[in-house]
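Everything on this sheet refers to the single structure shown next.
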Amino acid sequence: KQNCSLGPYVLAAGITTFLLSKEIWVVDHEFPYVLATIGVFYVGWKKFGASLASSIDREIEEYEASCNSSRIGEIDSLRKTVEHQKIEVWRTEAQTQIIRAKRENVAIQLEAAYRGRLIRAYNQVKRRLDYQVGLANLTRTVQHRFMVKWILDNVKSSINENDNFKKCIKDLQILAAKEK
């Protein structure tokens, strides 16, 4: 700890002595006006300094606000642009999903069309085969009827009344012989 602080006072006295000895600060007949002017400035500073400082600070803040308003506006517009770009990135990601969904829809539609054609071809082939089966059944039925009719006609034509009568008599004689 120090008991006293003479450093600033000695520095001020030393600088004043230096300025006066080198005649940088010339003391002439106007020197008392300098002291009076310094006194007026001191009194003005004490009396009006705080209000003057606050008004100057207010003007400086207004000037800085006007200067910063354009910068802040630019920053806000850039933030909005960044948000818009993020939305656009999201939309492009969504667009790829939409394109993939459309491709899947087209693939499903193609699959449905293929299956429809497949069912149509199956039905046509089945209809044709059913027609062929029906035609074969009809042909066989007609042939069977024709053959039965032909056989019956041949049998009937081969049997005449006399032969039939003779055969009946012979059958009766055999039956009579068995009965005895």
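Quick note: the sequence shown uses my numbering, first residue 57, plus one each step. Glycine included, every Cβ here is placed at the ideal spot set by N, Cα and C.
Check for me: the alpha helix (DSSP H) holding residue i runs from which residue to which?
{"i": "A206", "result": "Reading the sequence as shown, one finds Trp at residue 206 and not Ala. Counting along the chain, the alpha helix (DSSP H) containing W206 begins and ends at 87-214."}
{"i": "V83", "result": "V83 -> no alpha helix (DSSP H), and no H or E assigned at all."}
{"i": "K236", "result": "No alpha helix (DSSP H) holds K236; DSSP gives it neither H nor E."}
{"i": "L76", "result": "63-77"}
Please work out which residues of its chain come closer than 7 Å, Cβ to Cβ, to residue i, disregarding the five sequence neighbours upstream and downstream, and give them in chain order.
{"i": "N195", "result": "In the sequence as presented, Asn is not what sits at residue 195; that position holds Thr. Around T195: no qualifying Cβ."}
{"i": "N107", "result": "Going by the sequence as given, residue 107 is Ser instead of Asn. Same-chain partners within the cutoff: there are none."}
{"i": "I154", "result": "none"}
{"i": "V204", "result": "none"}
Could you round the C-beta distance between residue i and residue j to whole angstroms and report it? I think they count as a contact, below 8 Å.
{"i": "L91", "j": "V83", "result": "Actually they are not in contact, since the Cβ atoms of L91 and V83 sit about 10 Å apart, beyond 8 Å."}
Kindly list the residues whose CB is nearer than 6 Å to the CB of residue i, restricted to its own chain and excluding five residues on each side of it in sequence; keep chain order.
{"i": "Y187", "result": "none"}
{"i": "L228", "result": "none"}
Any beta-carbon of chain D closer than 8 Å to the one on residue i?
{"i": "I128", "result": "Looking for chain D here will not work: only one protein chain is present."}
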